[in-house]
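These protein sequence lines map, in sequence, to chains A and B. Residues in the first sequence are numbered consecutively from 1, following my numbering. Residues in the second sequence are numbered consecutively from 276, following my numbering.
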Amino acid sequence: MTTLLEARTVCKSYGDFHALTDVSLSVADGEFISIVGPNGAGKSTLVNVLTGLLRPTSGRVAFRGTDIGGIGPVELARRGMARGFQLVNVFPELTVRETLGVAASSRLKRTGNPLRSLVRDREIADAVEEVAEIFNLRHRLDQPARALSQGEKKLLDVASAFALKPELILIDEPTSGVSTGDKHSIMELLIDACRKAGVRGIIQVEHDMDLVARYSDRIVALQAGRVLADEKPEVFFKDPALIAAVVGTRPPQLRPKAANLNTSSETASQRSAAC
Amino acid sequence: MSAPHIVESTALARPAAEASRASGLWAFLVIVAAMAALPFFASTYTLTLMVPFFALAIALLGFNLLFGYTGLLSFGHAMFLSIGAYSAAVMTSKLGILSFELILLVSIAASVIIAVPVGFLCVRYTRIFFGMLTLAFGMLFHSVLYKFYGITGGDQGMRVLRPLLFGMEFEGGKTAFLTGPFYYYALGLLTALGLLMWRIVRSPFGLHLQAIRENAQKASYLGVEVTRMRLSAYVISGVYGGIGGAILAITIGLADPEIVYWTQSGNLVFMAVLGGSGAFIGPVVGSLAFVLLQDMVMSVTQYWRFVMGAVLILLVVFFPGGLSGIAGGLFTRFKRGS
Ligand SMILES: Nc1ncnc2c1ncn2[C@@H]1O[C@H](COP(=O)(O)OP(=O)(O)O)[C@@H](O)[C@H]1O
Ligand SMILES: [Mg+2]
């Protein structure tokens, strides 16, 4: 299996404070990884290091074999990594169509000539409609983002990351602020979207252990900046001490998995189209 | 950039929600057509007011690319007016080059030459920091023009001679020139530059500028080159300012440091708010209203600055969408009613 993203013995300090110590982690093609851990464990710092926003104090982060430490968001997008945010993060006055168009315009390199028409660009329009379709936002295309519901805003944020057609996507708590009932449908949508859009890997930070148990291929638990465990859910949730360290609750019920980006209940033809 | 969730916005920069609607273009064309017909029935005096309006409208179209679309409020934009004005002065009265097309080219080149380094320094900052830096550059420019007496004529300024239009010389009085050939020449420029701006704001480039205004950090994760885009917007707006300045200088017949005094930059901000920065047509409406209002109020009272200030306060508090916002609202209500 090819490795998409690899972090090797990454340390990150804020002054004297070690936010991450010797964190190693890899994401293989087709994997869905959840990062868990108590508040202050270093999850967001890790996401920032993995997305090239922060340069690690020592150690190395490589995407498809090349170093991406501190390369910055634009270059990151160009190389095939996208990111969704923990808090709702939209362009309030831009419509859904425009928001998705921003990402499509970057991907298709349309901004070199300020006189180029946007509305007559078929390729951008198609890309926008394709993503809107996947995320059930078609009927909202001409609404400004501020007029969307909280859940739709969250979806739009993730959808705009998808419009970059990334290989790997990192999402900080995709379901935070969403009601428990909707959480599963959002996760299902996300995984379905990955298949359709050809996304090869997901890293998410997630607090909801039900979701983590059900959808992850691997769980990386952080505690005080160190990797406490890096296990498959079956193994992870058999260890009460581990779970207690992460959330301090009983293990959730393991349900049949619906996550893996490669193997699923999809028909063979759909799969070959996606992967 | 360490905190991942900062949302940047400029409070007064009302989003250009109209940007994607064709109504902006129609409104622009209607105003232009009305201006083209104006010489057939309006008084000469009214016509002499209109040429400065064309100049300011051009400058303001550029200003609003930065303010309304990119979310950067410049408090020193009169600097570009002065670049165009002094280009015209140097060309006509020092070098004896009278071709207005050449004057425009030199104004554009000079604006780019100044806008690139100044913008390079300023666009790294946003909100009040950007505003203060641009203000500082404007003041710097003012004192340079003021102090270098030998070159610029100091507070006396420099004379701007009547230019040739398409190589043609025009006889007759100054007013006849300004309300005749130059009127249509300037109106033609406004039309062309307005249409050009219409294309710019409706391009993927313009969309990226709006994304920056809305949320620069999110934009950068969607592949928007924030700094480069802001700089491009700054340079384009500078060029529009330079062209406006050259026209303005011809109508005044003089380039002096007053044109870049900080109150003049303030006037540009006032016009933008007056017209409404959220609409494509805002700059045109704002500069027209400003020119008419100033003329009206000044003829009635010497306390015209007081009146203008009061108008500004009322607008910001009650009609943040500016005049074009009010007109747009009435239009929508009218359509719904019928
Ligand atoms: N910019 C910063 N400067 C100093 N300390 C920070 C900074 N960002 C995070 N930290 C500290 O690093 C630790 C890990 O933070 P974070 O990665 O946000 O954890 P999590 O996302 O798991 O809650 C916390 O103790 C936090 O206070
Ligand atoms: Mg966090």
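Note that beta-carbon positions come from the ideal geometry of N, C-alpha and C, so glycine has one too.
Report task. Check each residue's C-beta against every heavy atom of ligand 2 and list, in chain order, those closer than 7 Å. Result -> Listed by chain position, these are A:Lys43, A:Ser44, A:Gln86, A:Asp172, A:Val205.
Report task. Tell me where the beta strand (DSSP E) around B:Phe457 begins and ends. Result -> Looking at the DSSP string, B:Phe457 is not in any beta strand (DSSP E); the run it does join, the alpha helix (DSSP H), is 456-476.
Query raised in the report: Taking the C-alpha atoms as reference points, what is the distance between B:Ile426 and B:Gly359?
Result: When rounded, the separation of the alpha-carbon atoms in B:Ile426 and B:Gly359 is 16 Å.
Query raised in the report: At a cut-off of 8 Å, is A:Gly177 close to ligand 1 when judged by its beta-carbon and the heavy atoms of the ligand?
Result: No, the beta carbon of A:Gly177 sits no closer than 8 Å to any heavy atom of ligand 1.
Requested in this report: Compare the C-alpha of A:Val227 against each of A:Lys43, A:Ala28, A:Phe32 and name the closest.
Outcome: Nearest neighbour of A:Val227 by Cα position, chosen from A:Lys43, A:Ala28, A:Phe32, turns out to be A:Lys43.
**Report entry** Residues bridged to A:Asp239 [DSSP beta-bridge criterion]
**Finding:** As computed with DSSP, A:Asp239 is found in no beta bridge at all.
Query raised in the report: Pairing CB atoms from the stretch 115-123 of chain A with CB atoms from the stretch 141-161 of chain A, are three or more of them under 8 Å?
Result: Segment contact: the stretch 115-123 of chain A against the stretch 141-161 of chain A, fewer than three CB-CB distances shorter than 8 Å; contact not assigned.
Query raised in the report: B:Gly406 lies in the alpha helix (DSSP H); which residues open and close that run?
Result: 402-422 is the span of the alpha helix (DSSP H), which, as asked, contains B:Gly406.
**Report entry** Candidates A:Pro38, A:Asn39, A:Gly40, A:Thr66, of which the one nearest A:Leu50 by Cα
**Finding:** Per the C-alpha coordinates, the member of A:Pro38, A:Asn39, A:Gly40, A:Thr66 positioned closest to A:Leu50 is A:Thr66.
**Report entry** Opening and closing residue of the alpha helix (DSSP H) in which A:Val278 lies
**Finding:** This structure does not reach residue 278 of chain A, given that chain A is present from 1 up to 275, and the question cannot be answered.
Requested in this report: Return yes when the Cβ of B:Asp531 is within less than 9 Å of the Cβ of B:Gly432, no when it is not.
Outcome: Cβ distance < 9 Å, so B:Gly432 and B:Asp531 count as in contact.
Query raised in the report: Should B:Val387 be flagged as near chain A, meaning a C-beta pair shorter than 9 Å?
Result: For B:Val387, the answer is no, since every Cβ of chain A falls outside 9 Å of its Cβ.
Query raised in the report: What do you reckon, is the C-beta of B:Phe594 under 8 Å from a heavy atom of ligand 1?
Result: Checking the 8 Å criterion, the Cβ of B:Phe594 is out of range of every heavy atom belonging to ligand 1.
Query - Check: A:Phe32 C-beta below 8 Å from any heavy atom of ligand 3 - result: This structure lacks ligand 3; the ligands present are ligand 1 and ligand 2.
Query raised in the report: Contact between the stretch 349-358 of chain B and the stretch 506-516 of chain B: three or more CB pairs below 8 Å?
Result: Counting Cβ pairs under 8 Å, three or more are found: they touch.
Query raised in the report: What does A:Phe91 reach in chain B if we use C-beta pairs closer than 8 Å?
Result: Neighbours of A:Phe91 across chain B, judged by C-beta separation under 8 Å: Gln485, Ala486, Glu489, Asn490, Lys493, Ala494.
Query raised in the report: If you draw a straight line from the C-alpha of A:Lys232 to the C-alpha of A:Ala103, how long is it?
Result: Approximately 34 Å, taken between the alpha carbons.
Query - Where A:Gln270 falls: helix, strand or coil (DSSP) - result: Confidence at A:Gln270 is low in this model, with a pLDDT of 37, below 50, so its placement is unreliable and the value that follows should be read with caution. In the structure shown, A:Gln270 adopts helical secondary structure according to DSSP, grouped into three states.
Requested in this report: Check whether the Cβ of A:Ala147 lies closer than 8 Å to any heavy atom of ligand 1, and answer yes or no.
Outcome: False, no ligand heavy atom lies under 8 Å from that Cβ.
Query - Where B:Phe545 falls: helix, strand or coil (DSSP) - result: In the structure shown, B:Phe545 sits in a helix (DSSP, three-state: H, G or I).
Report task. Please check if any C-beta of chain B sits within less than 9 Å of the C-beta of A:Ser106. Result -> So, interface residue.
Query raised in the report: In chain order, what residues of the same chain lie with their CB nearer than 8 Å to the CB of A:Val27, ignoring the 5 residues before and after it?
Result: Same-chain partners within the cutoff: Thr3, Leu4, Leu5, Glu6, Ile33, Leu168, Gly201, Ile203.
Report task. Give the straight-line distance between the Cα atoms of A:Arg250 and A:Thr57, rounded to the nearest whole angstrom. Result -> Residue confidence for A:Arg250 is low, a pLDDT of 46 falling below 50, so the modelled location carries little weight and cannot support an answer.
Query raised in the report: For the putative contact between B:Ile534 and B:Ser362, defined by C-beta atoms under 8 Å, what is the C-beta separation to the nearest angstrom?
Result: Taking the Cβ atoms as the reference, B:Ile534 lies roughly 12 Å from B:Ser362, outside the contact range of under 8 Å.
Report task. With 9 Å as the threshold, decide whether the Cβ of B:Leu324 is near any Cβ in chain A. Result -> No, no contact with chain A.
Query raised in the report: So is B:Arg477 in contact with chain A if we call contact Cβ pairs under 9 Å?
Result: By the rule that beta-carbons nearer than 9 Å mark a contact, B:Arg477 touches chain A.
Query raised in the report: Among the residues of its own chain, which have a CB less than 7 Å from the CB of A:Glu93, if the five just before and after it don't count?
Result: Excluding its 5 nearest sequence neighbours in each direction, A:Glu93 has C-beta neighbours in its own chain below 7 Å: Pro144, Arg146, listed in chain order.
Query raised in the report: Nearest chain B C-beta to A:Ile33 closer than 9 Å, yes or no?
Result: Residue contact with chain B for A:Ile33: absent (no Cβ-Cβ distance below 9 Å to any residue of chain B).
Query raised in the report: Within the 9 Å Cβ cut-off, does B:Arg474 reach chain A?
Result: At least one chain A Cβ lies under 9 Å of B:Arg474.
Query raised in the report: Would you say A:Asn39 touches ligand 1, meaning its beta carbon is less than 8 Å from a heavy atom?
Result: Placement of the Cβ of A:Asn39 at a distance of less than 8 Å from at least one heavy atom of ligand 1 is found.
Query raised in the report: Do we get a CB-CB distance below 9 Å when we pair B:Ile511 with the residues of chain A?
Result: At least one C-beta of chain A is nearer than 9 Å to the C-beta of B:Ile511.
Query raised in the report: Would DSSP call B:Val305 helix, strand or coil?
Result: Helix.
Query raised in the report: Between which two residues does the beta strand (DSSP E) containing A:Tyr14 stretch?
Result: Here the beta strand (DSSP E) through A:Tyr14 covers 3-14.
Query raised in the report: In whole angstroms, what is the alpha-carbon distance linking B:Gly517 and B:Val544?
Result: The C-alpha of B:Gly517 lies about 16 Å from the C-alpha of B:Val544.
Query raised in the report: How long is the line joining the alpha carbons of A:Asp115 and B:Leu470, rounded to whole angstroms?
Result: Per the sequence shown, residue 115 of chain A should be read as Leu rather than Asp. Take the alpha-carbon of A:Leu115 and the one of B:Leu470: they are about 10 Å apart.
Query - Proximity winner among A:Leu170, A:Cys11, A:Ser24, relative to A:Ala229 (alpha-carbon distances) - result: For the residues A:Leu170, A:Cys11, A:Ser24, the minimum Cα distance to A:Ala229 belongs to A:Ser24.
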